[in-house]
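Trainee: Dropping the structure in here first, questions after.
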Amino acid sequence: MMKTFKSRFTLLLNALFLMLNVAAVNATFAADLTKAALIPKPVSVKAAVGFFTLQGSTVILISEESPELIRVAQYLADRLNPATGFNLAIHTVGTIPASNCILLETKISNSQLGQEGYELTISADNIKLAANTAEGIFRGVQTIRQLFPATIECKTVQKGPWKIAAGSILDYPSYTYRGSMLDVARHFFGANDVKRYIDLIAAYKMNVLHLHLADDQGWRIEIKSWPALTEIGSTTQVGGGKGGFYTQEVYNDLVQYAAGRFITIVPEIDMPGHTNAALASVPELNPDNQSTKLYTGTNVGFSTLQTHKEFTYKFLGDVIRELSGMTPGPYIHVGGDESHSTKKEDYIPFIEKVQDLVLANGKLMLGWDETALSALKNSSVAQYWAKAENAKLGVTKGVKIIMSPAAKAYLDMKYNPKTHLGLHWAGYVEVDTGYKWNPETLVPGITKENILGVECPLWSETISNIDQIETLLFPRLPGYAEIGWTPASDRKWEEYRIRLGHQAERFKMMGIHYYPSAKVSWK
Ligand code: ACM
């Protein structure tokens, strides 16, 4: 008798607990906008009373019929339709009454918001998303996605209700360059994997995808004037797989796909080291006009272009011209790292000549921090990964720095000694290590004014498929996105680890293979 009462009582308690818990979850999403677990954390969030409910009759209203804004409106509808089962209509302002709508309004001329900022106002009647540009609207759309229950990310119809708490958000990024790099040279990843990568970084408001397109193990981009680069140089990868490459047509499609998410692709051809795939493909690049053998190992520093051969610059002129033709963005990345087989006195003028080639093609040069040894133009950018002295030297030469310190920001570093994927030559990068640093104070002498932005690179020596990519990206990627977006004064690990924990449900709905790090306060 007593036992039955006890278990009934326990059941009742459990039911009560569940109800309270559900209430708590709803509260997170529907009752108080300031409690929403957004990443990156917005600049300012204010709560109001009530909530907006998305319905099948809700209309996406655009303030102008520009192709870009129509595209963003369609992107928003495509994100919301599958899980809600709605087929949200898109109309232009003035054509229908402006209630029960998500209004996307561009050209508001708010200088505080800049190119990518947005203002979001949520009331019981409407959601209003306003920005100077369609790009700002796109970034704000990512916030709207995260404000809905995580089930909004499902590809199949879910239950709802689809509520967002009332209030307002004012938001804009700290840095103009917020990116991630994918190494498609050590292992090749096909266009669908790259598109998935683009979608994942876009969800956290990043705006650059740096593609490492050539290294010792593979050449991954079609160059029509030197077909041997892909006929030979693309045919293997680390461990001896079949490799692969992007035709210019496929690559241009990736550029367009990224542009549709306001992401710029920065293509990298690494030189003068990390060039064995080219040396194996084009005999004249070698001192004796004899091709090298293809390489499938993971050593670095053994290859070099011939810095004294005129042929080298003719070849590079062709490569940079074709690459520039495929690059609407401003930067061509020329690598320049770990050129251990190039004499320093040859390396320095080589980078300067390559800089001239990049500028002659109407682009700006980006290079790893070693390139700061050369006479860089003010417009060039150095990417700090290893040596703070190089980055500081770059600053004295007036160039801007991209912060990718390996010990903090390399996504290919293992989380800890127990995790399998990745390397650990720069240390272990647990989720807290990856988050708890400030680009503005990391290197004494490099201040916010010197920094263009933040990038987290993913090298692919140990990974060969998209699930492995995701395991190294998540849950670290959102942290780098936040470092690039949210002011340092607003970032605290103890508070972030809870917000990050709330993302778990979203990761699951998005089918992301993430590492469930014990550092995160998972929900
Ligand atoms: C690099 O990690 N070698 C830039």
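Positions 2 to 524 (my numbering) are the ones given, in order, by the sequence shown. Ideal Cβ placement from N, Cα and C applies to all residues, glycine included. No experiment lies behind these values; they were computed from the predicted model shown.
Under the criterion of a Cβ to heavy atom distance below 8 Å, does E462 qualify as lining ligand 1?
Mentor: No, since every heavy atom of ligand 1 falls outside the 8 Å radius drawn around the Cβ of E462.
Trainee: Out of W486, T236, V430, L81, which has the shortest C-alpha to C-alpha gap to L474?
Mentor: Of the candidates W486, T236, V430, L81, the one whose C-alpha sits nearest the C-alpha of L474 is V430.
Trainee: Quick check: does the Cβ of V60 come within less than 8 Å of any heavy atom belonging to ligand 1?
Mentor: No, ligand 1 has no heavy atom inside 8 Å of this Cβ.
Trainee: Compute the minimum distance between the beta carbon of E339 and the heavy atoms of ligand 1, and state whether it is under 8 Å.
Mentor: Under cutoff, so the answer is yes.
Trainee: When the Cα of S375 is compared with those of S405, Y411, K364, G337, which residue comes out closest?
Mentor: Among S405, Y411, K364, G337, the Cα nearest to that of S375 belongs to G337.
Trainee: Tell me the start and end of each unbroken beta strand (DSSP E) in the segment 328–391 that is at least 3 residues and wholly inside, in chain order.
Mentor: Runs of the beta strand (DSSP E) inside the segment 328–391: 332–336, 365–369, 382–385.
Trainee: Mind checking K160: buried by the 16 CB within 10 Å criterion, or exposed?
Mentor: Classification for K160: exposed.
Trainee: Where in the segment 106–152 do unbroken runs of the beta strand (DSSP E), each at least 3 residues long, occur, reported from the N-terminal end onward?
Mentor: Whole beta strand (DSSP E) segments, 3+ residues: 119–123, 127–131.
Trainee: Taking S181 as part of the beta strand (DSSP E), name the residues at either end of that continuous run.
Mentor: Looking at the DSSP string, the run of the beta strand (DSSP E) that includes S181 is 178–184.
Trainee: From A28 to S405, what does the alpha carbon distance come to, in whole angstroms?
Mentor: Note that A28 scores a pLDDT of 33, beneath 50, so its modelled location is shaky and nothing firm can be said.
Trainee: So what's I222 in DSSP terms, helix, strand or just coil?
Mentor: In the structure shown, I222 sits in a strand (DSSP, three-state: E or B).
Trainee: DSSP state of I170, grouped into three classes?
Mentor: If DSSP states are grouped into helix, strand and coil, I170 belongs with the strands.
Trainee: Between the segment 104–111 and the segment 122–140, can you find at least three pairs of beta-carbon atoms closer than 8 Å?
Mentor: Verdict: yes, contact present.
Trainee: Look up D413 in the DSSP assignment and say whether it is helix, strand or coil.
Mentor: Of the three classes helix, strand and coil, the one that applies to D413 here is coil, per DSSP.
Trainee: Quickly, what does DSSP pair V46 with across the bridge? List them, please.
Mentor: Bridge partners of V46: I170.
Trainee: First and last residue of the beta strand (DSSP E) that includes V209?
Mentor: Segment 209–216, the beta strand (DSSP E) holding V209.
Trainee: Compute the beta-carbon to beta-carbon distance between P458 and L412, rounded to the nearest angstrom, for a pair I have assumed lies under 8 Å.
Mentor: With 8 Å as the limit, P458 and L412 qualify as a contact, their Cβ atoms being about 7 Å apart.
Trainee: Is the segment 36–51 touching the segment 480–493, taking contact as three or more C-beta pairs under 8 Å?
Mentor: Contact holds: three or more Cβ-Cβ distances are below 8 Å.
Trainee: Which term fits T343, buried or exposed, when burial requires 16 or more other beta carbons within 10 angstroms of its beta carbon?
Mentor: T343 should be labelled buried.
Trainee: Is P174 close to ligand 1? I mean its beta-carbon at under 8 Å from any heavy atom of the ligand.
Mentor: No, the Cβ of P174 stays beyond 8 Å of every heavy atom of ligand 1.
Trainee: Is Y296 near ligand 1, in the sense that its beta carbon is under 8 Å from a heavy atom of that ligand?
Mentor: Answer for Y296: no, Cβ out of range of ligand 1.
Trainee: Closest to R537 by CA distance: which of Y516, F351, A99, P479 is it?
Mentor: The chain is shown from 2 up to 524; residue 537 falls before or after that span and cannot be answered.
Trainee: What residues in its chain sit with their C-beta under 6 Å from that of I202, if we drop five residues either side in the sequence?
Mentor: The answer, listed in chain order, is S181.
Trainee: Tell me the DSSP secondary structure of F53 in three-state form.
Mentor: F53 falls in the strand class under three-state DSSP.
Trainee: Determine contact between the segment 157–173 and the segment 81–90, defined as no fewer than three beta-carbon pairs at a distance below 8 Å.
Mentor: Contact between the segment 157–173 and the segment 81–90 is present, because at least three Cβ pairs lie under 8 Å.
Trainee: Is any heavy atom of ligand 1 found at a distance shorter than 8 Å from the C-beta of Y348?
Mentor: No, the beta carbon of Y348 sits no closer than 8 Å to any heavy atom of ligand 1.
Trainee: What residue range does the beta strand (DSSP E) around K401 cover?
Mentor: Looking at the DSSP string, the run of the beta strand (DSSP E) that includes K401 is 401–404.
Trainee: May I have the straight-line CA-CA distance separating V301 from H309, to the nearest angstrom?
Mentor: Each residue's Cα considered, the two are about 22 Å apart.
Trainee: Which of the three DSSP states is assigned to I233 in this structure?
Mentor: I233: coil per DSSP, three-state reduction.
Trainee: Let me check you understand the geometry: is the CB of Y411 closer than 8 Å to at least one non-hydrogen atom of ligand 1?
Mentor: For ligand 1, at least one heavy atom lies less than 8 Å from the Cβ of Y411.
Trainee: The beta strand (DSSP E) that contains A38, what's its start and end?
Mentor: Where A38 is concerned, there is no enclosing beta strand (DSSP E), given that its DSSP letter is neither H nor E.
Trainee: Given this structure, state the Cα-to-Cα distance separating Q356 from K225, to the nearest angstrom.
Mentor: Each residue's Cα considered, the two are about 22 Å apart.
Trainee: So, for Q147: in the same chain, excluding its five sequence neighbours on each side, which residues have a beta-carbon less than 6 Å away from its beta-carbon?
Mentor: Cβ neighbours of Q147 beyond the five flanking positions: L39.
Trainee: How should S582 be labelled, buried or exposed, when 16 other C-beta atoms within 10 angstroms of its C-beta is the threshold for buried?
Mentor: Residue 582 cannot be examined here, being either before or after the span of the chain that is shown, 2 to 524.
Trainee: Taking only heavy atoms of ligand 1 into account, decide whether any of them is closer than 8 Å to the Cβ of A577.
Mentor: Residue 577 lies beyond the range of the chain shown here (2 to 524); nothing can be said about it.
Trainee: Suppose the cutoff is 8 Å on Cβ atoms and the five residues either side in sequence are ignored; what does the same chain contact list for Y178 look like?
Mentor: Closer than 8 Å at Cβ, skipping near neighbours: N208, V209, I403, L453, G454, V455, E456, G485.
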